[in-house]
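Student:
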Amino acid sequence: MRQAYYGVLAAEEILQARKEAVASQQKHLDQVQAFHEVGTRPKIDVTQQGVALASAQLDLRQAEENLDVARAALATAMGIPIDQAPEPVNNLGEVRDPGSLAALLSEAEQQRPDIAGLRDRIFAAQADIIVARSAFRPNLSLASFFNYRSLQLPLIYNWSLGSIVAQSLFEGGARHAHLAAAQAEEEVAKANLTSSVQKVRQEVFTDYADLQVAKDKIALSQKAEAEAKENLELAEGRYQSGYGNIIELTDAQYLLTNTRVQTIVSRYDYQMAAASLDVAVGRTPAQ
Numbered sequence: 003m004r005q006a007y008y009g010v011l012a013a014e015e016i017l018q019a020r021k022e023a024v025a026s027q028q029k030h031l032d033q034v035q036a037f038h039e040v041g042t043r044p045k046i047d048v049t050q051q052g053v054a055l056a057s058a059q060l061d062l063r064q065a066e067e068n069l070d071v072a073r074a075a076l077a078t079a080m081g082i083p084i085d086q087a088p089e090p091v092n093n094l095g096e097v098r099d100p101g102s103l104a105a106l107l108s109e110a111e112q113q114r115p116d117i118a119g120l121r122d123r124i125f126a127a128q129a130d131i132i133v134a135r136s137a138f139r140p141n142l143s144l145a146s147f148f149n150y151r152s153l154q155l156p157l158i159y160n161w162s163l164g165s166i167v168a169q170s171l172f173e174g175g176a177r178h179a180h181l182a183a184a185q186a187e188e189e190v191a192k193a194n195l196t197s198s199v200q201k202v203r204q205e206v207f208t209d210y211a212d213l214q215v216a217k218d219k220i221a222l223s224q225k226a227e228a229e230a231k232e233n234l235e236l237a238e239g240r241y242q243s244g245y246g247n248i249i250e251l252t253d254a255q256y257l258l259t260n261t262r263v264q265t266i267v268s269r270y271d272y273q274m275a276a277a278s279l280d281v282a283v284g285r286t287p288a289q
């Protein structure tokens with residue numbers, strides 16, 4: 003669900019970046035044509051910029067299609083008709099503090115349902131051990147009765163103790179087997195718990211590291227985007243003053259568009275890393 007949700011947000015922002023790229027390329031084409039008409043720029047500059055505009059328009063069309071597909075994926079994930087996909091609130095750029103690694107590891111050991119299930123198996127095995135051991139405790143029942151033909155003593159007593167002891171001897175092997183099986187189950191459950199805890203800790207550690215890297219990539223991509231924007235402004239100024247060439251101008255525009263898209267992708271990757279960490283910790287989507 004979160005993947006589809008943020009997929010729509012990323013697709014919307016990429017579409018906007020593509021629209022801005024088309025508008026910028028169209029502006030450049032108008033300028034190049036004006037320079038060509040007054041004889042300050044050759045015809046090849048016009049055709050070169052025309053190719054750049056057409057390429058940007060192709061990217062825009064693909065971005066439109068990608069957004070439609072992303073919305074359909076969100077609707078499908080929500081179990082609603084494709085044409086009823088909601089408009090998600092844009093929090094793609096939201097960055098949160100995940101907390102310390104130690105706190106996350108502790109939370110995972112307490113919250114993960116698979117870990118809880120293994121602990122339940124240990125408790126169940128321990129309960130079976132208690133039951134199995136209780137079968138070895140003496141179970142003495144004493145019954146007496148009088149059987150007489152007259153009121154003269156002595157009275158005759160019959161005890162059932164002999165039959166009870168014999169029954170314990172016959173069932174002793176089964177009881178030992180039951181106890182051994184319960185103890186073996188406890189050992190297996192404990193070993194599985196230890197192994198699973200180690201795997202969970204590895205998952206949390208990996209996802210935590212991935213989240214930190216994703217956060218750093220956002221800052222780096224934003225820096226690259228800012229520099230690409232400045233580079234385009236310089237290229238536009240150089241071209242208008244006659245010092246730059248058309249290739250320099252079109253390359254600068256491509257660079258700015260690509261860095262903008264990369265910033266969006268880095269934000270999306272961050273949200274996916276955060277979602278993966280939540281799963282590793284055992285949090286529900288509402289948490």
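First residue of the sequence shown? That's 3 in our numbering, and the numbers climb one at a time after it. Ideal Cβ placement from N, Cα and C applies to all residues, glycine included.
Within 10 Å of its beta-carbon, does Asp271 have 16 or more other beta-carbons around it, so buried, or fewer, so exposed?
Tutor: Buried: at least 16 other Cβ atoms inside 10 Å.
Student: So what's Ser102 in DSSP terms, helix, strand or just coil?
Tutor: Of the three classes helix, strand and coil, the one that applies to Ser102 here is coil, per DSSP.
Student: Taking Cβ to Cβ, would you say Lys231 is nearer than 8 Å to Leu258?
Tutor: Yes, these two residues count as a Cβ contact at 8 Å.
Student: Hey, out of Ala221, Ser268, Ala179, Thr49, whose CA is closest to Val133's CA?
Tutor: Among Ala221, Ser268, Ala179, Thr49, the Cα nearest to that of Val133 belongs to Ala179.
Student: Does the pairing of the region 109 to 129 with the region 215 to 228 give three or more beta-carbon distances under 8 Å?
Tutor: The answer is no - the region 215 to 228 does not touch the region 109 to 129, with fewer than three Cβ pairs under 8 Å.
Student: Whether or not the region 68 to 77 and the region 243 to 251 are in contact is what I'm after, with contact meaning three or more pairs of Cβ atoms, one per stretch, closer than 8 Å; do they touch?
Tutor: They do not touch, by the three-pair rule.
Student: Based on Cα-Cα distance, which residue from Gly95, Leu62, Tyr241, Ala56 lies nearest to Gln33?
Tutor: Minimum Cα distance to Gln33 is reached at Tyr241.
Student: Whose C-beta lies closer than 7 Å to the C-beta of Pro90 among residues of the same chain, with five residues either side of it excluded?
Tutor: Taken in chain order, the residues that qualify are Tyr7, Val10, Leu11.
Student: Quick one: measure Cβ to Cβ for Ala254 and Ala237, integer angstroms, because I've assumed they're closer than 8 Å.
Tutor: Confirmed, Cβ separation roughly 4 Å.
Student: For Thr196 and Ala226, which I take to be in contact (beta-carbon distance under 8 Å), what is that distance rounded to the nearest angstrom?
Tutor: So it is not a contact: roughly 45 Å between Cβ atoms.
Student: Tell me which residues share the same chain as Thr297 and place their Cβ nearer than 7 Å to its Cβ, disregarding the 5 neighbours each side in the sequence.
Tutor: In the structure as shown, the chain starts at 3 and stops at 289, and residue 297 therefore has no counterpart that could be examined.
Student: Distance check for Ala221 and Ser268, CA to CA, integer angstroms please.
Tutor: Whole-angstrom Cα-Cα distance: 9 Å.
Student: Rounded to whole angstroms, what is the Cα-Cα separation between Phe37 and His30?
Tutor: The straight-line gap from Cα to Cα measures roughly 11 Å.
Student: Here's the rule: buried if 16 or more other CB atoms are within 10 angstroms of the residue's CB, otherwise exposed. What is Val283?
Tutor: Val283 is buried by the Cβ-count criterion.
Student: Would DSSP call Arg43 helix, strand or coil?
Tutor: Coil at Arg43, not helix or strand.
Student: CA-CA distance, Pro44 and Ser243?
Tutor: About 15 Å.
Student: From Ile16 to Val199, what does the alpha carbon distance come to, in whole angstroms?
Tutor: Their Cα atoms are separated by approximately 40 Å.
Student: Nearest CA to the CA of Arg203: which residue from Gln18, Leu106, Ala183, Val97?
Tutor: If we check each option's Cα against that of Arg203, Leu106 comes out closest.
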